[in-house]
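Some notes on the structure that comes next.
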Amino acid sequence: MNPLVSIIVPCYNQAQFLDATLQSVLDQTYENWECMIINDGSSDDTDYIAQKWVAKDSRFVYLHKENGGVSNSRNLAIEKAKGDYIQFLDSDDVLDEKKLELSLNRIHADDGIKIVISNFRMFVDNPFEASIPYCNLNPQLFNFEGLLYQWGASFTIPIHCGFFEASLFESIRFPEDMTAQEDWIVWVSVFKKARKAIFLDKPLAFYRQNPKSRTRTKSLYEDQLKAYAYFKIFLSEEEFHQLSLVLISRYYKSNEDLKSRLRAIKESNTHQSGLMIKKVLKSAGVLKLFKRFLPAILKLKSK
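In full-length UniProt numbering, the protein residues as written are 1 to 303.
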């Protein structure tokens, strides 16, 4: 077997890192790949650098579009990708040269596996001088429930740690109205379909510590609230109810008064929970935010 791997690289004004990113693609020991470079309306030298790599190797494919955000760029590439598998890669990160080869080896060795997750390391300028990751990946949490309820509390998974069967994205796209937490939604979505993954405990993905990164400068909190609204679409009422409890517990567990109210919520039925959650949020002074992003939490259905 010699499946095609589509590597998706969205780019926006990070030309200074793009050469290193694309070099890590060219260095892959597995050679049957296409690399889709999506220029999201950059105003720097991204166009020049991308054109240079396309001229160097025909496996690089270049698309230029108006600015629409990283999720829009990824979604465009997903629609145009020809590969049997998908590897995401941001334009400031890099891959180990064996990332594709080792991921495919594990998929071929384990029948039915559609997701391989590798470990990762952090770096500033040189991937060969990488430091330990910002969190420890626990394969026991690589399932639907672990990703839904524990994400952000004990771990997150950089999207380029994943290696996915392309069929998972036939009905899954990145939400385009968010600047962070979109990866969380996609991880939960693919695990709702696949349910199981293989963990490669090797640092095959390298995550650049960039002070100007969108994940450091945007409001993670508001986007996390938006994420809960997305989850209402495809979670069961019971799953969404549990997620609501996790939300309240996570942000207000230090407040003893709210702890007592949380215990009361857990003991109530689903219909009563909606009203009690509303009271808790109002007392905490954040009801306005939750009304904007999570009306479903405040109006849980009763059966």
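All residues carry an ideal CB built from backbone N, CA and C; glycine is no exception.
Would you identify the three-state DSSP class for Leu200, choosing helix, strand or coil?
Secondary structure of Leu200 (DSSP, three-state): strand.
Identify, in the order they occur along the chain, each residue of the same chain with its Cβ nearer than 7 Å to the Cβ of Ile107, setting aside the five sequence neighbours on each side.
Cβ contact annotation for Ile107 (same chain, cutoff 7 Å, sequence separation greater than five): Ile113 and Val116, in chain order.
So if DSSP puts His64 in a beta bridge, which residue, or which two residues, is it bridged to?
The partner list for His64 (beta bridge, DSSP) reads Asn39.
Closest by CA to Leu147, which one among Val188, Leu100 and Phe169?
Distance from the Cα of Leu147 is smallest, within the candidate group Val188, Leu100 and Phe169, for Val188.
Is the beta carbon of Ser6 less than 8 Å from the beta carbon of Glu34?
At a Cβ-Cβ threshold of 8 Å, Ser6 and Glu34 count as neighbours.
Under DSSP, the alpha helix (DSSP H) around Phe88 begins and ends at which residues?
Element bounds for Phe88: not the alpha helix (DSSP H) but the beta strand (DSSP E), Tyr85 to Phe88.
Check whether the Cβ atoms of Asp44 and Asn13 lie closer than 8 Å to each other.
Their beta carbons are under 8 Å apart, which means Asp44 touches Asn13 by this criterion.
First and last residue of the uninterrupted alpha helix (DSSP H) at Glu182:
DSSP places Glu182 in the uninterrupted alpha helix (DSSP H) bounded by Glu182 to Ala194.
Quick one: what does DSSP say Val124 is sitting in, helix, strand or coil?
If DSSP states are grouped into helix, strand and coil, Val124 belongs with coil.
Where the beta strand (DSSP E) containing Lys165 begins and where it ends
First, the residue type needs correcting, since residue 165 is Glu and not Lys in the sequence shown. Unbroken beta strand (DSSP E) run through Glu165: Gly162 to Glu165.
What does a CB cutoff of less than 6 Å around Asn210 pick up in its chain, not counting 5 residues either side in sequence?
Correct list, in chain order: Asp92.
Leaving out five residues before and five after Leu168 in sequence, what residues of the same chain have Cβ atoms less than 7 Å from its Cβ?
Only residues of its own chain outside the window of five on either side were considered, and among them Lys114, Val190, Lys193 and Ala194 have a CB closer than 7 Å to the CB of Leu168, listed in chain order.
Environment of Phe88 [buried if 16+ CB atoms lie within 10 Å]
Classification of Phe88: buried, given that the 10 Å Cβ count is 16 or more.
Candidates Asn2, Leu63, Trp53 and Glu101, of which the one nearest Pro10 by Cα:
Distance check between Pro10 and each of Asn2, Leu63, Trp53 and Glu101 places Leu63 closest, using alpha-carbon atoms only.
Quick one: is Ser58 buried, meaning 16 or more other Cβ sit within 10 Å of its Cβ, or exposed?
Answer is exposed; the Cβ neighbour count stays below 16.
What number of angstroms, rounded off, separates the C-alpha of Phe120 from the C-alpha of Gln242?
Their Cα atoms are separated by approximately 30 Å.
Return the first residue and the last residue of the alpha helix (DSSP H) that Ser73 is part of.
Counting along the chain, Ser73 sits inside the alpha helix (DSSP H) bounded by residues Val70 to Lys80.
Can you give the beta carbon distance from Ile159 to Tyr230, rounded, assuming they're within the 8 Å contact cut?
Ile159 to Tyr230, Cβ: 16 Å. No contact.
If you follow the alpha helix (DSSP H) that Ser103 is in, where does it begin and where does it stop?
Where Ser103 is concerned, the enclosing alpha helix (DSSP H) stretches over Lys99 to Ala109.
In its own chain, which residues sit with a C-beta less than 6 Å from the C-beta of Glu66, not counting the 5 before and 5 after it?
Apart from sequence neighbours up to five positions away, the residues of its chain that approach Glu66 with a beta-carbon distance below 6 Å are Gly41, ordered along the chain.
Below 8 Å between beta carbons: does that hold for Leu200 and Ser118?
Yes.
Would you give the residue range spanned by the beta strand (DSSP E) that Ile7 belongs to?
Run containing Ile7: Val5 to Cys11, per the beta strand (DSSP E) assignment.
Which partner residues does Ala206 have in the DSSP bridge list?
Before going on, a small fix: residue 206 reads as Phe here, not Ala. Bridge partners of Phe206: Val94 and Arg121.
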